[in-house]
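Engineer: My structure is below; once you've seen it, I'll send some questions.
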Amino acid sequence: MIEGIYLPGVLAAGIASYIFGSIWYYVLSYSWMNAIGISEEDVQMSPFTYVITFLCEMIMAFVLAGILVYSGSVTIASGVTAAIVIWGGFVLTGLIVNHKFQRASWMLTLIDAGHWLGVLMVQGMVYAQISG
């Protein structure tokens with residue numbers, strides 16, 4: 171543990187959110203490709219991209235766990251609540267600003283924002299369940 175953060179819970183939350191993201195973009199792959207204007211041939215990613223994605227989601231899970239631990243409430247309800255507040259206050263707003271400056275479609279914003287809301291909610295629920 172690092173100051174009350176249960177690391178197996180962080181690992182489980184990171185893995186679960188990575189799986190969620192894989193399913194999310196698999197289901198929405200054609201809508202996502204259309205929203206960014208690429209074809210299936212263009213979407214080939216380096217394995218490094220997937221490693222970085224996993225590491226970033228582990229960092230997110232650790233930070234969310236820290237927020238829950240330091241709030242004094244590590245429950246599924248507090249995990250979901252924290253996820254929604256963090257998403258609405260930081261993730262959604264940041265995506266909107268970046269996507270509008272990049273002239274991205276609202277569809278891309280909806281797809282990406284939904285993904286990050288799901289990631290954070292899964293992390294909050296899984297961490298609370300495993301560590302509680």
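To convert, count from 1 in the sequence shown and add 170; that's the working numbering. Positions of the beta carbon are idealized from the N, C-alpha and C atoms, including for glycine.
Determine, using beta carbons only, whether Glu227 and Gly264 come nearer to each other than 9 Å.
Structural biologist: Taking the first residue of the sequence shown as 1, we reach residue 227 at position 57. Taking the first residue of the sequence shown as 1, we reach residue 264 at position 94. Not a contact, by the Cβ cut-off of 9 Å.
Engineer: Pull up the CB-CB distance for Ile175 and Gly236, whole angstroms please, since I reckon it's below 8 Å.
Structural biologist: Here residue 175 corresponds to residue number 5 of the sequence shown, with the count starting at 1. Here residue 236 corresponds to residue number 66 of the sequence shown, with the count starting at 1. That belief holds up - the Cβ atoms of Ile175 and Gly236 are roughly 6 Å apart, short of 8 Å.
Engineer: Between which two residues does the alpha helix (DSSP H) containing Glu173 stretch?
Structural biologist: Counted from its first residue, the sequence shown places residue 173 at position 3. No alpha helix (DSSP H) contains Glu173, which DSSP labels as neither H nor E.
Engineer: Whole angstroms are fine: how far does the CA of Gly294 sit from the CA of Ile222?
Structural biologist: Reading the sequence shown from its first residue, position 52 is the one you call residue 222. Reading the sequence shown from its first residue, position 124 is the one you call residue 294. Looking at the two C-alpha atoms, the distance is approximately 21 Å.
Engineer: I'd like the span of the alpha helix (DSSP H) that includes Thr245, first residue to last.
Structural biologist: Translated into positions along the sequence shown, residue 245 becomes position 75. No alpha helix (DSSP H) contains Thr245, which DSSP labels as neither H nor E.
Engineer: Would you check if the distance between the CB atom of Gly259 and the CB atom of Trp194 is smaller than 9 Å?
Structural biologist: Position 89 of the sequence shown, counted from the start, is the residue given in the question as residue 259. Position 24 of the sequence shown, counted from the start, is the residue given in the question as residue 194. Contact: no.
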